[in-house]
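Have a look at the structure below before the remarks.
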Amino acid sequence: MSNIISQLYRGELDPESLLGNSNVELRKTEVLIEKNFNKIKENLDEDTVEILNKYRDCINEYIVLSNEQAFCDGFCLGTRMVSEAVGGAERIL
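Per this note's numbering, the sequence shown starts with residue 750, numbered consecutively.
Here it is in structure tokens:
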């Protein structure tokens, strides 16, 4: 465990880069979002495009923060599960 924590600390592991890599549905949805965003953008004047871009930036920041929180919550849940499993094993022995 300490090896994994050390690797995370040194930046050798990048869990964010692995998010959804194997999820074909997620990738298809990302492509569709980008396609539709560009279609909307084509039909807007410059001022509205600027507002749309700012909106997109806010949504992207929200997604980053949400993913970070989900990672932290998942890590805490996993830690609690391991703790209970180890504690339960000690009671059995």
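Don't be surprised by glycine CBs; every beta carbon is placed ideally from N, CA and C.
Locate the alpha helix (DSSP H) running through residue i, then write down its first and last residues.
i    : result
N785 : 773-791
Quick one: grab the DSSP three-state call for residue i.
i    : result
L762 : coil
D794 : coil
When the cut-off is 7 Å and only beta carbons count, does residue i lie next to chain B?
i    : result
C821 : No chain B is part of this structure, which consists of one protein chain only.
**Prompt:** Touch check for the region 777-790 and the region 798-817: three-plus C-beta pairs under 8 Å?
**Reply:** A contact exists between the region 777-790 and the region 798-817.
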